[in-house]
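Residue numbers (my numbering): 331 to 578.
First comes the structure, then the notes that go with it.
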């Protein structure tokens, strides 16, 4: 199970928004590549990036930051936020991004998912499922699609999708622990799904509990705020999970 540090890019800076409000941002670094260098030194092999400019407008303003990250770091990047077409994927592919996360567009236009799978294969196309009260939310969590997440995942799975990031919106940023039950439910329904847990991971203990509960079957877990606030030691978490893998 991988630990994926999360970083949000806005105007080429690493930031965090307060409850998604673009006018209420905290800038963590004007040099995101330096943050990611630290993550890499601590053992991270895959970084989760959200392009907040593209999420809002459909157009990335973070080319400079992503290019610098790829120049300075060898770690792989997965990126989401505003990817709505094959052209968007080709743009990020040209910047060296390894995995493309499709969210709202996967609900609204499945042909984009098909094109992505045909062009890049199932290892590079990731579906981001943001769920609340059993239903998929879209457009930055604001819209209830009316589609049950289980039905949506069945459709994606049948299309050939094998990599999924599942976010329990009620847990995200609350530092109250992840919704372990939903991940176990999904792994039982889709045994070969490469599932990444997102939302609520606030400590090394949370990561260990996810690993133990899933018997190591989770592909990974995303954590951001807990690292920034010093509540989760990335290097130590990676070391502990690596040790558990070696013991099994």
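No residue lacks a Cβ here, since even glycine has one placed at the ideal position from N, Cα and C.
On a predicted model such as this, the values are computed, not experimentally measured, just so you know.
Straight-line measurement puts the Cα of residue 465 at about 32 angstroms from the Cα of residue 341.
Closest in C-alpha terms to residue 438, from the list 564, 535, 382, 475, comes 475. Residue environment analysis places residue 575 among the exposed positions, since fewer than 16 neighbouring C-beta atoms fall within 10 angstroms of its C-beta. For residue 424, the uninterrupted alpha helix (DSSP H) segment begins and ends at 416-425. Ranking 423, 444, 480, 401 by CA distance to the CA of residue 409 puts 423 first. Membership of residue 376 in the beta strand (DSSP E) is indicated by the continuous run 376-381.
Residue 404 sits exposed, since fewer than 16 C-beta atoms from the chains shown fall within 10 Å of its C-beta. The Cβ atoms of residue 427 and residue 459 lie no closer than 8 angstroms to each other. According to the DSSP assignment, residue 576 belongs to the alpha helix (DSSP H) that extends over 564-577.
At least 8 angstroms separates the beta-carbon of residue 563 from that of residue 530. For residue 388 and residue 532, the gap between their C-alpha atoms comes out near 30 angstroms.
Beta-bridge analysis with DSSP links residue 495 to 458, 526. When DSSP states are grouped into helix, strand and coil, residue 552 belongs to the strand group. Pairing residue 357 with residue 567 gives a Cβ-Cβ distance that is not under 8 angstroms.
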